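Engineer: First the structure, then my questions, so here it is.
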Amino acid sequence: MVKITFPDGSIREYESGVTGLDIAKSISHKLAKEVLAVSVNGETWDLTRGIATDATVKLYTWDDEEGKHAFWHSSAHLMAEALQELYPGTKFGIGPAIESGFYYDIEPGNDIVLTDKDLEAVEKKMVELSGSRQEYQRVDVSKKEALDYFSKRNETYKVELINDLEDGKITYYQQGTFTDLCRGPHLPDTSYIKAIKLTSLAGAYWRGNEKNKMLTRIYGIAFPKQKMLEEWLVLMEEARQRDHRKVGKEMELFMFSQAVGQGLPMWLPKGTMLRDRLESFLRKLQKKHDYQQVITPHITNVNLYKTSGHFQKYGKDSFQVITTPQEGEEFMLKPMNCPHHCEMYKFKPRSYKELPIRFAEFGTVYRYEQSGELHGLTRVRGFTQDDAHLFCMPDQIKDEFKKVIDIIFIIFKALDFNDFTAQVSLRDPNNKEKYIGSDENWEKAERAIIEAAEEKGLKTNVVLGEAAFYGPKLDFMVKDAIGRKWQLGTIQVDYNLPERFELEYTGADNQKHRPVMIHRAPFGSMERFVAVLIEHTGGKFPLWLTPEQVVVLPISEKFNDYAQNVLNLLNNSDIRTVLDDRNEKIGRKIRDNELKKIPFMLVVGENEASQQQVSVRRQGRGDAGSMSIDEFIKLVNKEVDGQLEAIYNY
RNA sequence: GCUGUUGUAGCUCAGGGGUAGAGCACUUCCUUGGUAAGGAAGAGGUCUCGGGUUCAAAUCCCGAUAACAGCUCCA
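In the working numbering, the protein residues as written are -7 to 642.
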């Protein structure tokens, strides 16, 4: 007998060799149907693997990441089996579960090139195989056996993987005719996988290395019920509707032009309005936090970047140097603002009493991103950072970090960004030579970041090896409409530039000391931030950011004068307005995509003109009735104030 | 940068070796003056660009370019 401890602390006895599935059956029929995998002493196991010792057990269903993971991983194997049957000679790379769904990297044999059209046939085959209810069987093998088996079948990628594995810890999983090198865990059998959608086909380098061969990666997703797949498809469609590239075009916020160049966005009037408001909001916020606004030029002598070291590291991959009539004189487009701010720091001797010094700049920079990397406004070649550099003494780092976290919190709160994650990026402890700066400084800075985050109640995931080469950092990530993660706010410690620029301050001891520099950008860049903002709101911005808050619609041209009059009164009150005097049917205007995003619509006609009123319609929230213009102004101000309250009372 | 897909009217897209199509939007007119109406007429395109094959290319082939998806990258 073995003692099984459950998450609630209760303990039951079972025959030795009992499986997760048996345990689920002993609890309830329903649970036995829903359970997908089981945690045994913290390790995720197959439901059919026998438990021979006392153990702590947790049953995983679709609601657990681990359950979904086993489900999708099994789906990947099912797909591999289908591919093997349809395309004999296919070599298999790896096929894991991912955040939503799974993929398998394959190399189809016989020079076959798969296209989107083939996916349907694969799906069909998968459904067929799922119907035949094949069991996933776990088999322990020795390294030699595994190597023999896969070498014989010419599975070169699998052989490469096995070579890196430790003997004695190698397992196969088999279902039907397909055998895969795999750690598991898997579902009991293929019949669990009821609804399947293969979503896309793309190239992916073997082991993620650009120098390796490119394999064909097939992405898919699967569910235990057809209905869940349908719901997922609807969700994806809704996400596509919120895509910032689509909304940005519809709302006329920004554009790209082939004539201007790849990755160089142009802000249309309404987008500029929106961006200006975000900038002035941050400007005010930074002023309160004792930042000093500065401005630096767009081109710079290459020597500055040789001093900073960026030219050596990134020069080849940048927009190339600009020459002048003067022999040997070279400039480049500014890829970052930091070196300029360092020069400003050096403008005069600094005392410890001045520190921290905080230079802020909305600095437009140009970086030659690889062409395949460009993506809407989130990844561009010319963008404006809401940049600032804080120069401080080492023991001020933590405090400065906390103040920057405050600013980021205020911004996220004002814009209703709730589901962000924070990541602390530290250096890779096994690869210290990749980084510059002393061990002592790194440790001090890493500790300061972790403590600052903790003291601010910020939950973070700590990732080793993700630090910049010059210092550790704290990043804020937000997801876009289809779940891709983007980094927005960032705070980074830098020991490199103060060193290279020989920055110093005079301490209380009358000695020269080196300051520490902190880079920070709460938005990241105006471009990326606006993109994410659009995807969060679907273009329905908070009132204080809406490019136009009020549209005035005269019902016929007889009332154009009155409408103009209303407009003037509103404009005197700071409310942003737009007049739509096309004098068409109102119903037709309301369908207008452009007007859909404006929160208030004022309809004026005979009744309104005679009583000096307006009929107020709030988009998406129906009719608010007729009221005087003063009353309307109060209404709008109240709503805007309500939103701004969150900011200023924070 | 790599692999793949795509580029036709303002937008969404169909078509396809013989000089160009739909829906929505747009313009004018009619009907209806009041909260997602209906009708008529009209205007809009070097079919991304360059080269080749052909009697003939928007269509087939090659190259460039841009967008999209994924990989790699992101100071």
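Glycine included, every Cβ here is placed at the ideal spot set by N, Cα and C. These numbers were taken from a predicted model, which means no experiment stands behind them.
If you check the beta carbons only, do L456 and L495 fall under 8 Å apart?
Structural biologist: On the first sequence, residue 456 is found 464 positions in, with the first residue counted as 1. On the first sequence, residue 495 is found 503 positions in, with the first residue counted as 1. No, the Cβ-Cβ distance between L456 and L495 is not below 8 Å.
Engineer: Can you give me the start and stop residues for the alpha helix (DSSP H) that R145 sits inside?
Structural biologist: Walking along the first sequence from the start, residue 145 turns up at place 153. Careful: R145 lies outside any alpha helix (DSSP H) and carries neither H nor E.
Engineer: Taking only runs that begin and end inside the region 587 to 614, name each unbroken alpha helix (DSSP H) of 4 or more residues, in chain order.
Structural biologist: Qualifying alpha helix (DSSP H) stretches, in chain order: 598 to 603.
Engineer: Quick check: the Cα distance between P539 and R269, rounded to an integer number of angstroms?
Structural biologist: As a first step, residue 539 is located in the first sequence; it is residue number 547 there, counting from the start. As a first step, residue 269 is located in the first sequence; it is residue number 277 there, counting from the start. P539 and R269: Cα-Cα distance of roughly 9 Å.
Engineer: On the DSSP bridge assignment, give the partners of K(-5) in chain order.
Structural biologist: Locating residue -5 in the first sequence gives position 3, counting from the first residue. DSSP lists E5 as partners of K(-5).
Engineer: Under the rule that 16 or more other beta-carbon atoms within 10 Å means buried, what is F375, buried or exposed?
Structural biologist: Against the first sequence, residue 375 aligns to sequence position 383. Counting Cβ neighbours within 10 Å, F375 comes out buried, since at least 16 surround it.
Engineer: Roughly how many angstroms separate the alpha carbons of K273 and D46, rounded to a whole number?
Structural biologist: For the purposes of this step, residue 273 is taken as residue 281 along the first sequence, with counting starting at 1. For the purposes of this step, residue 46 is taken as residue 54 along the first sequence, with counting starting at 1. A small correction: the amino acid at residue 273 is Phe; Lys does not occupy that position in the sequence shown. Answer to the nearest angstrom: the Cα atoms are 60 Å apart.
Engineer: Can you tell me the Cβ-Cβ gap for G463 and G516, rounded? I've got them flagged as a contact below 8 Å.
Structural biologist: Residue 463 sits at position 471 when you count from the first residue of the first sequence. Residue 516 sits at position 524 when you count from the first residue of the first sequence. No, G463 and G516 are not in contact; Cβ-Cβ is about 17 Å, not under 8 Å.
Engineer: Could you tell me the boundaries of the alpha helix (DSSP H) in which Y337 lies?
Structural biologist: Locating residue 337 in the first sequence gives position 345, where the first residue counts as 1. C330 to Y337 is the span of the alpha helix (DSSP H), which, as asked, contains Y337.
Engineer: Just the C-alpha distance for Q377 and S430, rounded to the nearest angstrom, thanks.
Structural biologist: Here the question's residue 377 lines up with position 385 in the first sequence. Here the question's residue 430 lines up with position 438 in the first sequence. In a straight line, the C-alpha of Q377 is about 29 Å away from that of S430.
Engineer: Return the Cβ separation of Q254 and S363 in integer angstroms, given the expectation that the two are a contact with Cβ distance under 8 Å.
Structural biologist: The count along the first sequence starts at 1 and reaches residue 254 at position 262. The count along the first sequence starts at 1 and reaches residue 363 at position 371. About 6 Å separates the two Cβ atoms, so the contact holds.
Engineer: Under DSSP, the beta strand (DSSP E) around T171 begins and ends at which residues?
Structural biologist: By one-based count along the first sequence, residue 171 stands at place 179. That run of the beta strand (DSSP E) goes F170 to L173.
Engineer: Taking the beta carbon of P88 as the centre, do at least 16 other beta carbons fall within 10 Å, making it buried, or is it exposed?
Structural biologist: Translated into positions along the first sequence, residue 88 becomes position 96. The residue is exposed, with fewer than 16 neighbouring Cβ atoms inside 10 Å.
Engineer: Touch check for the region 73 to 80 and the region 94 to 103: three-plus C-beta pairs under 8 Å?
Structural biologist: With the cut-off at 8 Å, the region 73 to 80 and the region 94 to 103 touch.
Engineer: Just to confirm my understanding: we take L39, look at its own chain, exclude 5 residues before and 5 after, and list those with CB closer than 7 Å. What are they?
Structural biologist: In the first sequence, counting from the first residue as 1, residue 39 sits at position 47. Correct list, in chain order: T11, G12, L13, V27, A29, V30 and P180.
Engineer: Please confirm if the region 438 to 447 is in contact with the region 378 to 391, defined as three or more CB-CB distances below 8 Å between the two stretches.
Structural biologist: Contact between the region 438 to 447 and the region 378 to 391 is present, because at least three Cβ pairs lie under 8 Å.
Engineer: Buried or exposed, going by whether 16 or more other CB atoms sit within 10 Å of the CB of V105?
Structural biologist: Residue 105 sits at position 113 when you count from the first residue of the first sequence. Classification of V105: exposed, given that the 10 Å Cβ count is below 16.
Engineer: For H281, name the three-state secondary structure that DSSP assigns.
Structural biologist: Along the first sequence, read from residue 1 onward, the residue named residue 281 stands at position 289. Here H281 sits in coil by DSSP.
Engineer: Work out the CA separation of N564 and A326 for me, nearest whole Å.
Structural biologist: In the first sequence, the residue the question calls residue 326 occupies position 334. In the first sequence, the residue the question calls residue 564 occupies position 572. Before going further, note that residue 326 is Lys rather than Ala in the sequence given. Between K326 and N564, the C-alpha separation is close to 41 Å.
Engineer: What is the rounded straight-line gap between the Cα of K219 and the Cα of M118?
Structural biologist: Here residue 219 refers to the residue found at position 227 when the first sequence is read from its first residue. Here residue 118 refers to the residue found at position 126 when the first sequence is read from its first residue. Each residue's alpha carbon lies about 18 Å from the other.
Engineer: Considering only residues of the region 238 to 314, which uninterrupted beta strand (DSSP E) runs meet the minimum length of 3 residues and lie entirely inside it, listed in chain order?
Structural biologist: Counting only runs of 3 or more, we get 291 to 293.
Engineer: Taking Cβ positions, are F84 and G212 nearer each other than 8 Å?
Structural biologist: In the first sequence, the residue the question calls residue 84 occupies position 92. In the first sequence, the residue the question calls residue 212 occupies position 220. No; because the gap between Cβ atoms is not below 8 Å, this pair is not in contact.
Engineer: I need the DSSP call for W37, collapsed to helix, strand or coil.
Structural biologist: Along the first sequence, read from residue 1 onward, the residue named residue 37 stands at position 45. In this structure, W37 counts as strand in the three-state DSSP scheme.
Engineer: Tell me the DSSP secondary structure of F393 in three-state form.
Structural biologist: Here residue 393 corresponds to residue number 401 of the first sequence, with the count starting at 1. Helix.
Engineer: Considering Cα atoms alone, identify which of I287, Q167 and F(-2) is closest to S67.
Structural biologist: Residue mapping note: residue 67 aligns to position 75 of the first sequence, counting from 1. Considering only alpha carbons, the answer is Q167.
Engineer: Going by the beta-carbon positions, is the gap between R130 and G530 smaller than 8 Å?
Structural biologist: Looking up residue 130 in the first sequence gives position 138. Looking up residue 530 in the first sequence gives position 538. Not a contact, by the Cβ cut-off of 8 Å.
Engineer: Below 8 Å between beta carbons: does that hold for A62 and L121?
Structural biologist: What you label residue 62 is simply residue 70 of the first sequence in a count that begins at 1. What you label residue 121 is simply residue 129 of the first sequence in a count that begins at 1. Their beta carbons are not under 8 Å apart, which means A62 does not touch L121 by this criterion.
Engineer: Please list the terminal residues of the continuous alpha helix (DSSP H) segment that includes K117.
Structural biologist: On the first sequence, residue 117 is found 125 positions in, with the first residue counted as 1. Where K117 is concerned, the enclosing alpha helix (DSSP H) stretches over D108 to G123.
Engineer: Going straight from the alpha carbon of T36 to that of P177, what length do you get?
Structural biologist: Within the first sequence, numbered from 1, the residue matching residue 36 stands at position 44. Within the first sequence, numbered from 1, the residue matching residue 177 stands at position 185. So the alpha carbons of these two residues sit roughly 7 Å apart.
Engineer: Looking at C-alpha atoms only, which residue of E242, S192 and L153 is the closest neighbour of K199?
Structural biologist: Position 207 of the first sequence holds residue 199. The question names Lys, but residue 199 is Arg in the sequence shown. Selected option, being the one with the closest Cα: L153.
Engineer: Pairing CB atoms from the region 484 to 494 with CB atoms from the region 545 to 562, are three or more of them under 8 Å?
Structural biologist: No: fewer than three Cβ pairs fall under 8 Å.
Engineer: Can you tell me which of the three DSSP states L407 falls into?
Structural biologist: Position 415 of the first sequence, counting from 1, holds the residue named residue 407. L407: coil per DSSP, three-state reduction.
Engineer: Taking L412 and F404 to be in contact with their CB atoms under 8 Å, please state how far apart those CB atoms are, rounded to whole angstroms.
Structural biologist: Position 420 of the first sequence, counting from 1, holds the residue named residue 412. Position 412 of the first sequence, counting from 1, holds the residue named residue 404. Checking the sequence shown, residue 412 turns out to be Phe, not Leu. With 8 Å as the limit, F412 and F404 qualify as a contact, their Cβ atoms being about 6 Å apart.
Engineer: Could you please give the first and the last residue of the uninterrupted beta strand (DSSP E) stretch that includes D378?
Structural biologist: To locate residue 378, count along the first sequence from 1; it is residue 386. First-last of the beta strand (DSSP E) with D378: G374 to C384.
Engineer: Tell me which residues share the same chain as V454 and place their Cβ nearer than 6 Å to its Cβ, disregarding the 5 neighbours each side in the sequence.
Structural biologist: The count along the first sequence starts at 1 and reaches residue 454 at position 462. V416.
Engineer: Can you tell me whether G59 is buried or exposed, with buried defined as 16 or more other CB within 10 angstroms of its CB?
Structural biologist: As a working note, residue 59 is residue 67 in the first sequence. It is buried - the Cβ of G59 has at least 16 other Cβ atoms within 10 Å.
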